[in-house]
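Which chain is which? The protein sequence lines are A and B, in order.
Following our numbering from start to finish, the first sequence increments by one per residue and tops out at 229.
Following our numbering from start to finish, the second sequence increments by one per residue and tops out at 229.
Have a look at the structure below, then the notes.
There are 2 protein chains.
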Amino acid sequence: MKVSTKRRKVRRGRPLKTDAAPDMRERILDAAEDHFSRHGFWGVTVREVAQEAKVDTALLHYYFNTKRGLFDAVFERRAEIINKERSDSIDAYVKSAGSAITVEGVIDAFLQPILQRAATGDQRWHNYFALIAQVNNTPVWGGETMGRTFDNVIHHLIDALRKALPDVSEEELYWSYHFLSGALTLTLSQTGRIDRLSEGVCKSSDFEAIGRRMAPFIASGFERLCKPQTAKRKKIP
Amino acid sequence: MKVSTKRRKVRRGRPLKTDAAPDMRERILDAAEDHFSRHGFWGVTVREVAQEAKVDTALLHYYFNTKRGLFDAVFERRAEIINKERSDSIDAYVKSAGSAITVEGVIDAFLQPILQRAATGDQRWHNYFALIAQVNNTPVWGGETMGRTFDNVIHHLIDALRKALPDVSEEELYWSYHFLSGALTLTLSQTGRIDRLSEGVCKSSDFEAIGRRMAPFIASGFERLCKPQTAKRKKIP
DNA sequence: GCCAATAATCATCAACTGATGAATAAATTC
DNA sequence: GAATTTATTCATCAGTTGATGATTATTGGC
């Protein structure tokens, strides 16, 4: 008696054009993003990704050659979108503000596209932001990858900040951005640390709460470091 | 002709007490710290660690049971040291400042032990801090690990900040700390991003430069968020 | 001086890893 | 409509992985 324990026969060869199947390449990228964002490059196997995307592992190599190629493709896909949005947002603010340009305005314009995408609750963008957070804090290759992907937009941000901070020193400007970058990426990494630490008072998923606080906090730091010491604290003797 | 290609015979069994060998357990932890800090939990194999420590892989399992056990031991070893230093530093400042306590003073007291250890150039502490940075931005288990290891000291910090910020809202306080945590850990992660972005103007290894800027930047943000809006910026109409 | 506990290496395992050449089938080109 | 290109699965490989039971040698307690 032949029991049908044979595994489901999967069609081989190029798929029918009429198959309204979603683009396989995108499906692989979605699955990879999901896994990489949760476990990082080394914590994921190509098999896990292939399984979630419901394709053979060979297909990943067909499209992306190597595991690293797949990772890079994931990292770049949404970067193009968010970089354009941030760049446009800064330009729009600088144009509308004119000579009334402020540090907080620039930073808010820079942050809004990210925080709004995060606030929609779209899990795929959440995952992507968590991935950025990990890469930003990854030694050896994280700095290189972040730079390659985001330096253009960051220089755009810094140019706008220079307009709001006449005669600012380059050093103060870059260090201030560094603190901004750290605060932003930890916020996007969604580890639940703040929920636990605050015993529920703050929720790491509450991007509206973050949106109201982040720009003022960071702008205040920028002004303290980057403006000539008009507001130097008087020491109590 | 017997050519001596046999590999070096290694002594078996418990080592002689007279062997002035460094404590094997510590040697394994050093090697593990070195690797985990650079490549994260999944990017390291127990073989690599064993090889650097010049011991058999079985010895890692003898002392730490599992790879995760080894990782946790690495993470906890220096945490105890740095937590005590930070806690003591905050206490000393609060005591010496009395009623003249300031936000910047508290934050500076909190940061100094870390930045000083980083400034000595001790590679092992550098590695450890880079490890914290990665864990802080690791989804799934990073928040839990950070909380378990550091929440005590952070609550100590937040208690001190409450003294400098009467009637502060809990929510503002915790979000402000979150931004501090992100800025600090990215700074400690030493990815070289800032060096590249600033084209050499800032160096991520220049902890003296960081030490001068971080407390003012962060304290300024805290005051902006946590103080009743006495200094609310007047909007230009 | 015997014996249990300790600290180490050896030898090996079953499972997993990234990758690839071959096979297959549809689409496109000419 | 034949030939080439594209997209997919199949079958498999050589190397790596975390882990462990067996073995060996020394220490420390009685």
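Don't be surprised by glycine CBs; every beta carbon is placed ideally from N, CA and C.
Check	Outcome
Mind checking whether B:Ile124 and B:Thr58 have CB atoms under 8 Å apart?	no
For A:Asn119, count neighbouring C-beta atoms within 10 Å of its own C-beta (all shown protein chains included) and say buried if the count is 16 or more, exposed if not.	buried
Can you tell which of A:Thr37, A:Val132, A:Val41 and A:Lys155 has its C-alpha closest to the C-alpha of A:Leu21?	A:Val41
For the segment 111 to 184 of chain A, which segments carrying the beta strand (DSSP E) assignment without a break, of at least 3 residues, lie completely within its bounds, in sequence order?	none
So with CB distances below 9 Å, who are the chain A contacts of B:Leu217?	Arg205, Pro208, Phe209 and Ser212
Taking any Cβ of chain A, which residues in the segment 40 to 72 of chain B have a Cβ under 9 Å from it, in chain order?	none
So is A:Ser88 buried or exposed if we call it buried at 16+ other beta carbons inside 10 Å?	exposed
Mind checking whether B:Arg205 and A:Leu217 have CB atoms under 8 Å apart?	yes
Using a Cβ-Cβ distance cut-off of 8 Å, determine whether B:Arg3 contacts chain A.	no
So that I know if they touch, is there some Cβ in chain B lying closer than 8 Å to that of A:Thr141?	no
Taking Cβ positions, are A:Phe63 and A:Phe102 nearer each other than 8 Å?	no
Excluding the 5 residues preceding and the 5 following A:Arg109 in the sequence, name in chain order all residues of the same chain whose CB lies nearer than 6 Å to its CB.	Trp117
Can you say whether A:Ile4 is buried or exposed, counting buried as having 16 or more other CB atoms within 10 angstroms of its CB?	Going by the sequence as given, residue 4 of chain A is Arg instead of Ile. A:Arg4 is exposed by the Cβ-count criterion.
Say whether chain A places a C-beta atom closer than 8 Å to the C-beta of B:Val98.	no
Please check if any C-beta of chain B sits within less than 8 Å of the C-beta of A:Leu189.	yes
Just checking: is the beta-carbon of A:Ser29 within a distance shorter than 8 Å of some beta-carbon in chain B?	yes
Please name the residue in A:Ala24, A:Phe67, A:Ser91 and A:Ala207 whose C-alpha comes closest to that of A:His53.	A:Ala24
DSSP three-state label for B:Glu191, please.	coil
Does A:Asn128 come within less than 8 Å of chain B when only Cβ atoms are used?	yes
Enumerate in chain order the residues of its own chain whose CB-to-CB distance from B:Gln182 is below 6 Å, with the five nearest sequence positions on each side excluded.	Ala122 and Ser196
Interface residues of chain A around B:Pro158 at Cβ under 9 Å?	Within chain A, no residue comes near B:Pro158; the closest Cβ sits about 17 Å away, beyond 9 Å.
Is B:Leu8 helix, strand or coil by DSSP?	coil
Does DSSP classify B:Gly255 as helix, strand or coil?	The question about residue 255 of chain B has no answer here: the residues shown for chain B are numbered -7 through 229.
Return no unless some Cβ of chain A is closer than 8 Å to the Cβ of B:Ser174.	Ser is not the amino acid found at residue 174 of chain B; the sequence shown has Gly there. Judged by the 8 Å Cβ criterion, B:Gly174 is in contact with chain A.
Does the count of Cβ pairs from the segment 137 to 153 of chain B and the segment 131 to 149 of chain A closer than 8 Å reach three?	no
Taking the alpha-carbon positions, what's the B:Asp15 to A:Arg188 distance?	37 Å
Between B:Ser79 and the rest of its own chain, which residues show a CB-CB distance below 6 Å, the 5 nearest in sequence each way excluded?	Val145 and His148
Between B:Leu157 and B:Lys219, which are expected to be in contact by the criterion C-beta below 8 Å, what is the C-beta distance as a whole number of angstroms?	7 Å
Using a Cβ-Cβ cut-off of 6 Å (strictly less than) and excluding sequence neighbours within five positions of A:Lys155, which residues of its own chain qualify?	Ile93
Return the residue from the list A:Ile74, A:Ala71, A:Arg6 and A:Gly113 that minimises the CA-CA distance to A:Val47.	A:Arg6
Just checking: is the beta-carbon of B:Phe199 within a distance shorter than 8 Å of some beta-carbon in chain A?	no
Does any residue of chain A bring its CB to less than 8 Å from the CB of B:Val145?	no
Is the CB of A:Thr222 under 8 Å away from at least one CB in chain B?	With a pLDDT of only 49 at A:Thr222, under 50, the local geometry of the prediction cannot be trusted, and no value is derived from it.
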